[in-house]
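To start, the structure under review is shown below, and the notes come after it.
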Amino acid sequence: MNSLNLTYQSALAQHQAGDVAQAEGLYNEVLANDPGHMDAIFNLAVLLASQNRTNEAIPLYELV
Numbered sequence: 619m620n621s622l623n624l625t626y627q628s629a630l631a632q633h634q635a636g637d638v639a640q641a642e643g644l645y646n647e648v649l650a651n652d653p654g655h656m657d658a659i660f661n662l663a664v665l666l667a668s669q670n671r672t673n674e675a676i677p678l679y680e681l682v
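Counting in our numbering, the sequence shown runs from 619 upward without gaps.
Written out as structure tokens, the structure is:
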């Protein structure tokens, strides 16, 4: 598994554990290296929506 996949897996684990701040940072790190990473885009949108940050989530949902 490459480092980008490890970063994504870490983001997902943090998200599932409820550490949304850490997960958001890791999702953004993945997207900085691979802007088309659909799983990271979708999960970041879910995270943002769960934080009532719909104005940030909607454009991400529109990408997937």
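The C-beta atom is built at its ideal place from N, Cα and C for all residues, glycine as well.
N- and C-terminal bounds of the alpha helix (DSSP H) containing residue i
i, result
"residue 580", "Any answer about residue 580 is impossible in this case: the structure gives the chain only from 619 up to 682."
"residue 674", "672–679"
"residue 623", "621–635"
Under 7 Å between C-beta atoms of residue i and residue j
i, j, result
"residue 663", "residue 679", "yes"
"residue 651", "residue 622", "yes"
"residue 629", "residue 641", "yes"
"residue 674", "residue 666", "yes"
"residue 625", "residue 644", "yes"
Rounded distance between the beta-carbons of residue j and residue i, thought under 8 Å
i, j, result
"residue 685", "residue 670", "This structure cannot settle anything about residue 685, because the visible part of the chain is limited to 619 through 682."
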